[in-house]
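Order-wise, the sequence lines are chains A and B. Note that the working numbering numbers the first sequence so that position 108 is 108, with each residue one more than the last. Note that the working numbering numbers the second sequence so that position 6 is 1006, with each residue one more than the last. Even glycine gets a Cβ: it sits at the ideal position worked out from N, Cα and C.
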Amino acid sequence: AQTVTQSQPEMSVQEAETVTLSCTYDTSESDYYLFWYKQPPSRQMILVIRQEAYKQQNATENRFSVNFQKAAKSFSLKISDSQLGDAAMYFCAYTSNAGGTSYGKLTFGQGTILTVHP
Amino acid sequence: KAGVTQTPRYLIKTRGQQVTLSCSPISGHRSVSWYQQTPGQGLQFLFEYFSETQRNKGNFPGRFSGRQFSNSRSEMNVSTLELGDSALYLCASSPGLAYETQYFGPGTRLLVL
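Right, dumping it as structure tokens:
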């Protein structure tokens, strides 16, 4: 079974600084997709960034970028120029393209609470 | 496009009752997935529906069931509620292929007394 592990229950960063959130996963699949979602206090899950495993290039979305290390099964999120609005719970998630028991199923890590200090 | 909507947003029930939650996906999306979020267990996959058929389900007891209508709207039902069913229930929609990004609704917070 696929598992996703976020080893940092909490992280903090000063406004305008950079922070990196860690995520590791375990899978025997070769065709899979990784995501970072953000859940602010409103509890609405918001997509931050997505990475296709077959792409070697790391995904970027404005101030958000990932470091995808496929061999190490590592998928970290870097937030640059942190803003107060970045404060939230961040979840790493995995899904595969295997069909069957993968349909519509995201496997989530336990989450990392990010605090941004002014 | 309008986002995923869920109703009701908050619900209080007592043990033994049943509850129905509703989810309307983004227009054009045919897949709806349901998740349960609790402090202890985190986010757990309940089931997924596509074109009115359940394609996948997680490890939850039979008290948890769902369905999808021809307009892709989905409902989930929990019968014989237990205290442990208190949770945030999230639904997410996607166009339908296994790897496509899921977009989440605001959730329904269920409290079982």
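- A distance below 7 Å between beta-carbons, with the five flanking residues on each side excluded, links F75(A) to the following residues of its chain, in chain order: C23, Y25, L34, Q51, V66, F68, C92.
- Rounded to whole angstroms, the Cβ separation of E10(A) and L84(A) is 17 Å, and the two are not in contact under 8 Å.
- Bridge pairing for C92(A): W36(A) [DSSP].
- Excluding sequence positions up to five before and after S1072(B), its CB lies within less than 7 Å of the CB of P1025, H1029, R1030, V1032, all in the same chain and listed in chain order.
- Runs of beta strand (DSSP E) with 3 or more residues, each lying fully within the region 1059-1111 of chain B, are found at 1064-1068, 1074-1078, 1087-1094, listed in chain order.
- When DSSP reads this structure, Y1049(B) sits in a beta bridge with V1032(B), Q1054(B).
- Closest by C-alpha distance to F1050(B), out of F1064(B), G1040(B), S1070(B), Q1036(B), is S1070(B).
- Interface criterion met: the Cβ of T1101(B) is under 7 Å from a Cβ in chain A.
- In this structure the region 105-115 of chain A does not touch the region 1007-1022 of chain B; the number of beta carbon pairs closer than 8 Å is below three.
- Residue state for D26(A) is assigned as strand, using DSSP reduced to three classes.
- Each residue's CA atom was taken as its position, placing L1088(B) and Q44(A) some 11 Å apart.
- Bounds of the beta strand (DSSP E) holding N67(A) are 64-69.
- Relative to the Cα of C1023(B), the nearest Cα in the group L1113(B), V1112(B), L1111(B), Y1103(B) belongs to Y1103(B).
- Closest by C-alpha distance to K73(A), out of R63(A), Y90(A), A53(A), is A53(A).
- Annotated three-state conformation of S1027(B) is coil, per DSSP.
- No Cβ-Cβ contact shorter than 7 Å links T1108(B) with G1016(B).
- Against chain A, the beta carbon of N1056(B) has neighbours under 7 Å at T101, Y103, G104, K105, listed in chain order.
- Proximity of A1002(B) to chain A, defined by a Cβ-Cβ separation below 7 Å, is not satisfied.
- Only residues of its own chain outside the window of five on either side were considered, and among them S96, A98 have a CB closer than 7 Å to the CB of E29(A), listed in chain order.
- Residues of chain B with a Cβ closer than 9 Å to the Cβ of L47(A) are, in chain order, T1101, Q1102, Y1103, F1104.
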